[in-house]
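Residue numbers (mature numbering (1 follows the signal peptide of the UniProt record, and there is no 0)): -18 to -1, 1 to 162.
Below is one structure, written out as C-alpha cells, with a few remarks after it.
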Ligand SMILES: [Ca+2]
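Okay, here's the thing in C-alpha cells:
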C-alpha cells in the first residue's frame, strides 16, 4: 500500500469512526504536520530543508533510515525521487552541501536511485545509465551475491562521496532530488 493510499484510508477511517478530522490546511500547518501537494513550490516550502545545485533540489534525509523501497516512497510522497549523481562536479557540490548541512563529522551512508540491471548500473530516477561513477576501492563487489543497489559513503573529513553496491533491503539514510 502506498503512503498516499494509507493517508487517504486513515482519513476515511477517522471520519467514519466519528473522530474529528483536521481538514483546514492552516490548522495542519500550525499543528506542525507538513503536507506537500502536487504543484507545491518545493524551494519555498518551510517543511523540507532543500539544497539547490543548478537545476536540481536535494533533500538530505539524515533523520530516518529505511530500505531503498521505503525511502523511495518518502521521496515520492514529497514529489521527489531518490538521487542520481551524474558528474564529478555534482558529486563535489553534494559533498560541500553535506558538509555544511550535517552537524556531526560522522561518516554517513545514503541510498541513491542507482540499481543494477543484468551487468549494467542505471539511475532509477532518470532511467539513464551511470556514465559517471565513483566506486570505492574494491567495489562493486556484489558481496553475498545480492548487492544490486548503490549507496554513497560520505566521509566529511576526507571530503569524499564514494559508491558501494549494497543489498537493497538494508537500512540507510537517503538523498532525494527534484529535477526540472
Ligand atoms: Ca559492495
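Yeah, the Cβ is synthetic: ideal placement off N, Cα and C, and Gly gets one too.
Taking 7 Å as the cut-off, does the CB of residue 147 come closer than this to any heavy atom belonging to ligand 1? If you number the chain shown from 1, residue 147 lands on position 165. For ligand 1, at least one heavy atom lies less than 7 Å from the Cβ of residue 147.
Thinking residue 158 and residue 79 are a contact (beta carbons under 8 Å), I'd like their distance in whole angstroms, please. Numbered from 1 along the chain shown, position 176 holds the residue referred to as residue 158. Numbered from 1 along the chain shown, position 97 holds the residue referred to as residue 79. Between residue 79 and residue 158 the Cβ distance is about 13 Å, and since that is not below 8 Å, they are no contact.
Please go through the same chain and pick out, in chain order, the residues whose beta-carbon is closer than 6 Å to the beta-carbon of residue 122, but skip the five residues on each side of it. Numbered from 1 along the chain shown, position 140 holds the residue referred to as residue 122. If we look at residue 122 and ignore the five residues flanking it on each side, its Cβ neighbours are 147.
Report the rounded CA-to-CA distance for residue 162 versus residue 63, giving the unit in angstroms. Taking the first residue of the chain shown as position 1, residue 162 is located at position 180. Taking the first residue of the chain shown as position 1, residue 63 is located at position 81. Between residue 162 and residue 63, the alpha-carbon positions lie close to 12 Å from each other.
Pairwise C-alpha distance: residue 100 and residue 34: Counted from its first residue, the chain shown places residue 34 at position 52. Counted from its first residue, the chain shown places residue 100 at position 118. The alpha-carbon atoms of residue 34 and residue 100 are separated by roughly 33 Å.
Would residue 117 pass as a contact of residue 134 if the rule is Cβ separation under 8 Å? By one-based count along the chain shown, residue 117 stands at place 135. By one-based count along the chain shown, residue 134 stands at place 152. Not in contact: residue 117 and residue 134 (Cβ atoms no closer than 8 Å).
DSSP three-state label for residue 125, please. Looking up residue 125 in the chain shown gives position 143. Three-state result, residue 125: helix.
Select from 131, 50, 74 the residue whose C-alpha is nearest the C-alpha of residue 142. Taking the first residue of the chain shown as 1, we reach residue 142 at position 160. Nearest of 131, 50, 74 to residue 142, Cα basis: 74.
Kindly examine ligand 1 and report whether one of its heavy atoms sits closer than 7 Å to the Cβ of residue 144. Position 162 of the chain shown holds residue 144. No, Cβ of residue 144 sits at least 7 Å from all heavy atoms of ligand 1.
Could you check whether residue 156 and residue 90 sit closer than 8 Å to each other, using their CB atoms as the reference points? Within the chain shown, numbered from 1, the residue matching residue 90 stands at position 108. Within the chain shown, numbered from 1, the residue matching residue 156 stands at position 174. Taking 8 Å as the Cβ cut-off, residue 90 and residue 156 do not qualify as a contacting pair.
Between residue 96 and residue 103, is the Cβ-Cβ spacing less than 8 Å? By 1-based counting over the chain shown, the position of residue 96 is 114. By 1-based counting over the chain shown, the position of residue 103 is 121. Closer than 8 Å, so yes.
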